[in-house]
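J.: One structure coming up, written as structure tokens, with questions to follow.
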Amino acid sequence: MLLMGSLLLISILAAVVSNRLGAPLLLTFLVVGMLAGEEGVLGIEFSNPELAFFIGSLALVIILFDGGMRTHKERFRVALWPAISLATVGVALTCALTASGVVWLFDLPWPTALLIGAILSSTDAAAVFSIFQSQNLRIKQRVASTLEIESGTNDPMAIILTMTLTSIIASAESFSIGWVSLDIVQQVVFGYFAGWVGGRAFVWIAQKISVQFSFFPLLAAASAVVIFAMTSGIGGSGYLAVYLMGYKIGNSRLPQLPHILQVQDGLAWLSQIMMFLILGLLVTPSHLMEYWTLSLSVAVLMIFVARPLAVLISLIPFVFPWREQVFISWVGLRGAVPIILALYPWLTGVPNQELYFDIAFMVVMVSLIVQGWSLAPMARWLGLEVPAPAEPDRRMPLDRVGSKDPMEVWAYQISERSPACDHHWDELRWNVDVEFVGIIRDGEWLLPKSQPVLQESDTVIVVAKLKHVDAISRVLAAGGKPTELQSSQFFGDFTLRGELMLKDVASFYPVGDLDSRLLGMSIHEYFTERFHRRVVIGDQLQLERVILTVRDVTDDGFIKQVGVKLLEEKTN
Numbered sequence: 001m002l003l004m005g006s007l008l009l010i011s012i013l014a015a016v017v018s019n020r021l022g023a024p025l026l027l028t029f030l031v032v033g034m035l036a037g038e039e040g041v042l043g044i045e046f047s048n049p050e051l052a053f054f055i056g057s058l059a060l061v062i063i064l065f066d067g068g069m070r071t072h073k074e075r076f077r078v079a080l081w082p083a084i085s086l087a088t089v090g091v092a093l094t095c096a097l098t099a100s101g102v103v104w105l106f107d108l109p110w111p112t113a114l115l116i117g118a119i120l121s122s123t124d125a126a127a128v129f130s131i132f133q134s135q136n137l138r139i140k141q142r143v144a145s146t147l148e149i150e151s152g153t154n155d156p157m158a159i160i161l162t163m164t165l166t167s168i169i170a171s172a173e174s175f176s177i178g179w180v181s182l183d184i185v186q187q188v189v190f191g192y193f194a195g196w197v198g199g200r201a202f203v204w205i206a207q208k209i210s211v212q213f214s215f216f217p218l219l220a221a222a223s224a225v226v227i228f229a230m231t232s233g234i235g236g237s238g239y240l241a242v243y244l245m246g247y248k249i250g251n252s253r254l255p256q257l258p259h260i261l262q263v264q265d266g267l268a269w270l271s272q273i274m275m276f277l278i279l280g281l282l283v284t285p286s287h288l289m290e291y292w293t294l295s296l297s298v299a300v301l302m303i304f305v306a307r308p309l310a311v312l313i314s315l316i317p318f319v320f321p322w323r324e325q326v327f328i329s330w331v332g333l334r335g336a337v338p339i340i341l342a343l344y345p346w347l348t349g350v351p352n353q354e355l356y357f358d359i360a361f362m363v364v365m366v367s368l369i370v371q372g373w374s375l376a377p378m379a380r381w382l383g384l385e386v387p388a389p390a391e392p393d394r395r396m397p398l399d400r401v402g403s404k405d406p407m408e409v410w411a412y413q414i415s416e417r418s419p420a421c422d423h424h425w426d427e428l429r430w431n432v433d434v435e436f437v438g439i440i441r442d443g444e445w446l447l448p449k450s451q452p453v454l455q456e457s458d459t460v461i462v463v464a465k466l467k468h469v470d471a472i473s474r475v476l477a478a479g480g481k482p483t484e485l486q487s488s489q490f491f492g493d494f495t496l497r498g499e500l501m502l503k504d505v506a507s508f509y510p511v512g513d514l515d516s517r518l519l520g521m522s523i524h525e526y527f528t529e530r531f532h533r534r535v536v537i538g539d540q541l542q543l544e545r546v547i548l549t550v551r552d553v554t555d556d557g558f559i560k561q562v563g564v565k566l567l568e569e570k571t572n
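Residue numbers (full-length UniProt numbering): 1 to 572.
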């Protein structure tokens, strides 16, 4: 107990330091595990792949469940089919291209090369989600949605390929494309059905039962584990099931959802720490050097050849700008999933079983160092970062008041950048229903009847319906830290409605000479014609000295608002 508690404590403290240095947190947890291992400082001998596989699988269930709950419905509308293409065609291409490179460079047998490619073919949801979160990185919705859905749904394909190739190598069976295809369909269909049923069942139970509030996060986590085990037991993809179950729960508007998400966030981080600590303990660093040439070559192949080509081919049917394709290629991060998949050959007694584990571990290390460390700079260099949305600093659901629409209490820390700063509450204009509870200033509660002026460092408390959080946050919140990209920098200081005609825009902005056809279009119609796809927040178009940036979009894809930024006129 002292040992495990100390390792957990050291991992968290090391994560604080590494986060300030911009290092991927998952890399920190791996390094702590290796330093505690048999060739590290503590010299702990751990060689139990069965236990590591069990802990890793359980941790992945919690992580994917958390990722599903944080995937909003709009993301599926924006990027479902590109993500599915990457999760299926992309995984298969990555496996084939990596195997071809290994055979060509090192003359390994095709079954061995294909198994290496299958183990490393999927991106890791834990790595993608945690790096986005730890670095406070917010990128364009289409790219973020594609990456999140891909990383949450491509594990079944990689697992099926790995298990199939492992069984073929172990039993010398002949490869049957028909059998593999049938198995893939079975895993996907059963996984989707179980996830849908599990999500609906949990929502129904949460609405019917009345228990202590703190039990709901535990009920959610336990339900996810049960659905995973039952789905895997009937031949479906348990990982796909828990991801879709989380998605159904996260988009259900349950009043208990904010509390579930808060606790689930801690459980997901605990799962990641424990998973990477165990995998770090399991590896023997001296063994990694035995295959270092092969491992580094595989890492280079995957990062610079296989992943970019797989992304390029998978996204051909979809209209993705080259900048977005480059970033999606670069964020093909490998995390715990390949290392856990590499335990399959170990557990089934495949010859050279440690070869796969050591290669997977080295490739993951290189991926986290090279790709993970450069993720934020790459996003900014490609111009894909968007400002942080305005949101409450604290929120508390009111699940027992009996309202048809979920209601919450929100607390906003007023800063000098908040639109409401230096105003009386009555001076603020609202187009939604909101009730002002009061202000906390220097620890004292100022009631609304005193009509206080909202000042910097005040905490404003309001009550409103959950669906109005964005409208209220735009007035009371600042929208991101001062060091982060600000809305005025990205969108500009002025806003126009999407239905406004371009001829009206041309009457008061320097948009240049537009032909009569364009002048008869609205801003929404002009964006739709130029992009040939669903427009998302952050999409930009330039008309001479005016940059129009999509700022708000309805659920059905109609542009509600665009930001206007004027470029300085060049002088000779």
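For glycine and all other residues, C-beta sits at the position ideal for the given N, C-alpha and C.
For I62, count the other beta carbons within 10 Å of its own beta carbon; 16 or more makes it buried, fewer makes it exposed. Which is it?
T.: I62 is buried by the Cβ-count criterion.
J.: Considering only residues of the same chain and omitting the five flanking positions on each side of K465, which have a CB-CB separation below 6 Å?
T.: For K465, where only same-chain residues beyond five positions count, the Cβ hits under 6 Å are D405 and M407.
J.: Among the residues of its own chain, which have a CB less than 7 Å from the CB of I55, if the five just before and after it don't count?
T.: Excluding sequence neighbours, I55 sits near M274, M275 and I278.
J.: Taking only the alpha-carbon atoms, compute the straight-line gap between E525 and P317 and give it to the nearest angstrom.
T.: Between E525 and P317, the C-alpha separation is close to 22 Å.
J.: Pull up the DSSP beta-bridge partners for L8, would you.
T.: Looking at the DSSP assignment, L8 forms no beta bridge with any residue, so it has no partner.
J.: By the three-class DSSP mapping on this structure, what secondary structure does L13 have?
T.: In this structure, L13 counts as helix in the three-state DSSP scheme.
J.: Determine the DSSP secondary structure at G557, reduced to helix, strand or coil.
T.: Residue state, collapsed to three classes: coil.
J.: What number of angstroms, rounded off, separates the C-alpha of L270 from the C-alpha of G520?
T.: Computed Cα separation, rounded: 56 Å.
J.: Which residue wins for smallest C-alpha separation from L64, given the options N431, S6 and A268?
T.: Answer by Cα proximity: A268.
J.: Under the assumption that P24 contacts G372 (Cβ atoms under 8 Å), give the Cβ distance between them as a whole number of angstroms.
T.: Right, their Cβ atoms sit about 3 Å apart.
J.: Taking a contact to mean a Cβ-Cβ separation below 9 Å, would you say P111 touches L27 in this structure?
T.: Not closer than 9 Å, so no.
J.: Just tell me which of I205, F202, A158 and W196 has its CA closest to the CA of I184.
T.: The shortest Cα separation from I184 among I205, F202, A158 and W196 belongs to A158.
J.: Determine which residues share a DSSP beta bridge with V564 and list them.
T.: DSSP output for V564 lists F494 and L548 as bridge partner(s).
J.: With DSSP as the reference, label I359 as helix, strand or coil.
T.: Reduced to three states, the DSSP call for I359 is helix.
J.: Identify the continuous beta strand (DSSP E) that holds M69 and give its terminal residues.
T.: From DSSP, M69 is part of no beta strand (DSSP E) but of the alpha helix (DSSP H) over P49 to M69.
J.: What are the boundary residues of the beta strand (DSSP E) that A411 is part of?
T.: Looking at the DSSP string, the run of the beta strand (DSSP E) that includes A411 is M407 to Q413.
J.: Could you pull out every residue in the same chain whose Cβ sits closer than 6 Å to the Cβ of residue 576, ignoring the five residues on either side in sequence?
T.: Because the chain in this structure spans residues 1 to 572, residue 576 falls outside the shown range and cannot be described.
J.: Which residues does DSSP pair with S522 in a beta bridge?
T.: Paired residue(s): M501.
J.: Which ranges would you report for the alpha helix (DSSP H) in the segment 275-331 if only whole runs of at least 4 residues count?
T.: Counting only runs of 4 or more, we get 285-288, 292-301, 307-314 and 322-330.
J.: By Cβ distance, which residues of its chain are closer than 6 Å to Y243, with the 5 residues on each side in sequence left out?
T.: L64, G68 and G152, listed in sequence order.
J.: Does the Cβ of K248 have 16 or more other Cβ atoms within 10 Å, making it buried, or fewer, making it exposed?
T.: Buried.
J.: For D66, count neighbouring C-beta atoms within 10 Å of its own C-beta (all shown protein chains included) and say buried if the count is 16 or more, exposed if not.
T.: It is buried - the Cβ of D66 has at least 16 other Cβ atoms within 10 Å.
J.: Is it right to say G33 is buried, meaning 16 or more other beta carbons lie within 10 angstroms of its own, or is it exposed?
T.: G33 comes out buried.
J.: Grouping DSSP H, G and I as helix and E and B as strand, with all else coil, what is H424?
T.: Strand, per DSSP.
J.: Does the beta-carbon of S232 have 16 or more other beta-carbons within 10 angstroms, so that it is buried, or is it exposed?
T.: That one is buried.
J.: Considering V370, what are the terminal residues of the alpha helix (DSSP H) in which it resides?
T.: Careful: V370 lies outside any alpha helix (DSSP H) and carries neither H nor E.
J.: Beta carbon of G563, beta carbon of F490: below 9 Å?
T.: Cβ distance < 9 Å, so G563 and F490 count as in contact.
J.: Would you list the residues sitting across from V462 in a DSSP beta bridge?
T.: According to DSSP, V462 bridges with W410 and F436.
J.: L428 and G438 - do their beta-carbons sit closer together than 9 Å?
T.: In this structure, L428 does not lie closer than 9 Å to G438 by Cβ.
J.: Thinking C-alpha only, which one of V536, L9 and R551 is nearest V319?
T.: Considering only alpha carbons, the answer is V536.
J.: How long is the line joining the alpha carbons of Y356 and P285, rounded to whole angstroms?
T.: When rounded, the distance between both Cα atoms is 14 Å.
J.: Counting beta carbon pairs with one atom in the segment 137-157 and one in the segment 351-368, are three or more of them shorter than 8 Å?
T.: No: the two stretches stay apart, fewer than three of their Cβ pairs being nearer than 8 Å.
J.: If you check the beta carbons only, do I119 and P338 fall under 9 Å apart?
T.: Cβ atoms of I119 and P338: closer than 9 Å.
J.: Could you spell out where the beta strand (DSSP E) holding E74 opens and where it closes?
T.: Note, E74: premise wrong, no beta strand (DSSP E); alpha helix (DSSP H) at K73 to S85.
J.: Which residues mark the beginning and the end of the beta strand (DSSP E) in which Q542 is found?
T.: Run containing Q542: Q540 to L543, per the beta strand (DSSP E) assignment.
J.: Only counting the same chain, and skipping five residues up and downstream in sequence, which positions put a Cβ closer than 6 Å to that of L30?
T.: Around L30: F276 and G280.
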